[in-house]
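Count along the sequence shown starting at 1, add 8, and that's the number in the numbering used here.
All residues carry an ideal CB built from backbone N, CA and C; glycine is no exception.
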Amino acid sequence: MATGPSPAQLPWPPGSEACYDGPDPTAAYHLAFECQPGSVETEMGIAKLALEDGTVFTGRSFGATGEIDGEVVFNTSMTGYQEILTDPSYHGQIVAMTYPLIGNYGVNPEDEESARPWVRAFVVRELSRLASNFRSNEELSAYMARHGVLGVQGIDTRALVRRTREVGAMKGIVSTADLDDESLVDKARQSPGLVGRDLTLDVMPAGVARWARGFEGPTAEVLRSTQVGPVPEGGRCHVVALDFGMKRNIPRFLVESGCDVTIVPGSAPSGQILDLEPGGIFLSNGPGDPGALGEAVESLRSLVRLASDERGIPIFGICLGHQLLGQALGAKTFKLKFGHRGANHPVRDERTGKVEITTQNHGFAVDAASLPPDVEVSHVNLYDGTLEGLRHTRLPVFAVQYHPESSAGPHDSGHLFGEFRRQMGR
Numbered sequence: 009m010a011t012g013p014s015p016a017q018l019p020w021p022p023g024s025e026a027c028y029d030g031p032d033p034t035a036a037y038h039l040a041f042e043c044q045p046g047s048v049e050t051e052m053g054i055a056k057l058a059l060e061d062g063t064v065f066t067g068r069s070f071g072a073t074g075e076i077d078g079e080v081v082f083n084t085s086m087t088g089y090q091e092i093l094t095d096p097s098y099h100g101q102i103v104a105m106t107y108p109l110i111g112n113y114g115v116n117p118e119d120e121e122s123a124r125p126w127v128r129a130f131v132v133r134e135l136s137r138l139a140s141n142f143r144s145n146e147e148l149s150a151y152m153a154r155h156g157v158l159g160v161q162g163i164d165t166r167a168l169v170r171r172t173r174e175v176g177a178m179k180g181i182v183s184t185a186d187l188d189d190e191s192l193v194d195k196a197r198q199s200p201g202l203v204g205r206d207l208t209l210d211v212m213p214a215g216v217a218r219w220a221r222g223f224e225g226p227t228a229e230v231l232r233s234t235q236v237g238p239v240p241e242g243g244r245c246h247v248v249a250l251d252f253g254m255k256r257n258i259p260r261f262l263v264e265s266g267c268d269v270t271i272v273p274g275s276a277p278s279g280q281i282l283d284l285e286p287g288g289i290f291l292s293n294g295p296g297d298p299g300a301l302g303e304a305v306e307s308l309r310s311l312v313r314l315a316s317d318e319r320g321i322p323i324f325g326i327c328l329g330h331q332l333l334g335q336a337l338g339a340k341t342f343k344l345k346f347g348h349r350g351a352n353h354p355v356r357d358e359r360t361g362k363v364e365i366t367t368q369n370h371g372f373a374v375d376a377a378s379l380p381p382d383v384e385v386s387h388v389n390l391y392d393g394t395l396e397g398l399r400h401t402r403l404p405v406f407a408v409q410y411h412p413e414s415s416a417g418p419h420d421s422g423h424l425f426g427e428f429r430r431q432m433g434r
């Protein structure tokens, strides 16, 4: 029986032969690289993740060092970790990945959803020792260290996820400085959490800007696999996008569907929005508790009223925008036990019966039972039956809880951008 190369046949870096301590050639190969001076593995120290219920996990640090608190959540995606790190919706959260190996394709500027990472800390079962991808220009650990993001690897992420599913999303703290369990648990309990907090002011832009870029490079090939469709006759429409923490791929999809996009802060008053003469209004994703954004909801109520006049301005919201629009229409929101975060959530279109696999990232939802009579449920999550989309029965107003731009994830729902464009062309 073939046993593979002997340790002597492996490409040992100078001085690392002493790291080999076993008969497994594969383990020897990896250990050869682990033991190189300056490698990620040799520089790792102890890091701890403590939860408010008293649970403490001990692992190894990567990325930056220090101490940070946040709401501990999990994401079930196999890929897309750079998009997750840079999604502003994760502001205030410590994200654990359920997939066991993270970092194997490195990072690159094209996959960033914003100018910087927004997660408070990043938790993985195993950080890949090697990053191999023709688009990669930096390893994940170095990228996180450069941006001051703490990482923990080597903990039992399955146990963490099971505990989160049983108890619900909890406040937590990651530390490489204070390693006392009792102290860390107390700090986790004292952290602010997300309920009642408006975090959008930290992530929204300061002023008005015009988005001019569509897709370039490899991402253009991804667009061709979506259902956005060609630009309808009649030229391009002008969309004013309310940015509560918008991912970069959203305006890219709007541009490719035939729209000129002006981005304004989510806090912009309705008068300022109307002065821009929009053909349609888009409401973006964002972080925090939708119930804490009362002023934004009041502004949206004014915009919804305008959708009913002769101008009939279409409104399309996603994620936080969906929750805010639901409140503006008279519905209520509530906090999910542990949220929906991943790229594998089946959602049924109630009109067609078609099921789409969607990318999701939300810890709050709209209560379907609180919808007024003139607003219908358009989409339902097949995992737990929660509301995933709503539509006004008379007005060109609709929203979905998930991310139709799907970055990263399946592209079943890209057609919604085309639907929004068609409504503006009527």
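DSSP state of residue i mapped onto helix, strand, coil
{"i": "VAL216", "result": "coil"}
{"i": "HIS155", "result": "helix"}
{"i": "LYS56", "result": "strand"}
{"i": "HIS330", "result": "helix"}
{"i": "GLN409", "result": "coil"}
{"i": "ASP420", "result": "coil"}
{"i": "ALA104", "result": "strand"}
{"i": "SER149", "result": "helix"}
{"i": "ALA336", "result": "helix"}
{"i": "MET178", "result": "strand"}
{"i": "VAL132", "result": "strand"}
{"i": "GLY114", "result": "coil"}
{"i": "ASN257", "result": "helix"}
{"i": "ILE163", "result": "coil"}
{"i": "VAL305", "result": "helix"}
{"i": "SER265", "result": "coil"}
{"i": "ILE321", "result": "coil"}
{"i": "ARG399", "result": "strand"}
{"i": "ALA123", "result": "coil"}
{"i": "GLY201", "result": "coil"}
{"i": "ASP77", "result": "strand"}
{"i": "ARG349", "result": "strand"}
{"i": "SER386", "result": "strand"}
Cα-Cα separation between residue i and residue j, rounded to whole angstroms
{"i": "ALA142", "j": "GLY114", "result": "First, the amino acid is wrong: residue 142 is Phe here, not Ala. If I take the Cα positions, the gap works out to 10 Å."}
{"i": "MET432", "j": "VAL305", "result": "23 Å"}
{"i": "LEU424", "j": "MET52", "result": "45 Å"}
{"i": "LYS186", "j": "VAL157", "result": "The amino acid occupying residue 186 in the given sequence is Asp; Lys does not appear at that position. Their backbone Cα atoms lie some 17 Å apart in a straight line."}
{"i": "VAL131", "j": "ALA153", "result": "14 Å"}
{"i": "GLU42", "j": "GLY67", "result": "With a pLDDT of only 48 at GLU42, under the threshold of 50, the placement of this residue in the model should not be trusted; the figure read from the coordinates follows. C-alpha separation (whole angstroms): 17 Å."}
{"i": "SER140", "j": "GLY426", "result": "36 Å"}
{"i": "HIS246", "j": "SER421", "result": "22 Å"}
{"i": "LYS343", "j": "ALA177", "result": "10 Å"}
{"i": "ASP61", "j": "VAL193", "result": "8 Å"}
{"i": "ALA416", "j": "SER85", "result": "9 Å"}
{"i": "LEU209", "j": "ILE258", "result": "19 Å"}
{"i": "GLU174", "j": "TYR151", "result": "33 Å"}
{"i": "GLY397", "j": "VAL355", "result": "9 Å"}
{"i": "PRO213", "j": "ASP251", "result": "7 Å"}
{"i": "PHE70", "j": "PRO295", "result": "25 Å"}
{"i": "ALA196", "j": "GLU75", "result": "11 Å"}
Identified DSSP bridge partners for residue i
{"i": "PRO354", "result": "ILE365"}
{"i": "LEU250", "result": "VAL272 and LEU291"}
{"i": "THR66", "result": "LYS56"}
{"i": "PHE425", "result": "Bridge partners of PHE425: none, in fact."}
{"i": "ALA300", "result": "DSSP lists no partner for ALA300."}
{"i": "LEU109", "result": "GLU134"}
{"i": "PHE372", "result": "LYS343"}
{"i": "SER183", "result": "LYS56 and GLU75"}
{"i": "ASN141", "result": "In DSSP, ASN141 forms no bridge with anything."}
Buried versus exposed call for residue i [16 or more other C-beta atoms within 10 Å across all chains shown]
{"i": "ASP77", "result": "buried"}
{"i": "THR360", "result": "exposed"}
{"i": "GLU303", "result": "exposed"}
{"i": "PHE428", "result": "buried"}
{"i": "THR184", "result": "buried"}
{"i": "LYS362", "result": "exposed"}
{"i": "GLN198", "result": "exposed"}
{"i": "LYS56", "result": "buried"}
{"i": "ASN145", "result": "exposed"}
{"i": "ARG260", "result": "buried"}
{"i": "ARG133", "result": "buried"}
{"i": "GLY371", "result": "buried"}
{"i": "ALA351", "result": "buried"}
{"i": "PRO119", "result": "For the record, residue 119 in the displayed sequence is Asp; it is not Pro. Per the 10 Å Cβ criterion, buried."}
* Stretch-stretch touch, CB-based, cutoff 8 Å, three pairs: the region 120 to 135 with the region 87 to 102 -> The region 120 to 135, when compared against the region 87 to 102, does touch it at the 8 Å Cβ threshold.
* Per the contact definition of three or more C-beta pairs closer than 8 Å, is the region 260 to 268 in contact with the region 300 to 315? -> no
* Within the chosen definition, does the region 322 to 333 reach the region 375 to 383 through at least 3 CB pairs nearer than 8 Å? -> no
* To do: Flag this pair as touching only if the region 276 to 284 and the region 188 to 198 have three or more C-beta atom pairs under 8 Å; answer yes or no.
  => no
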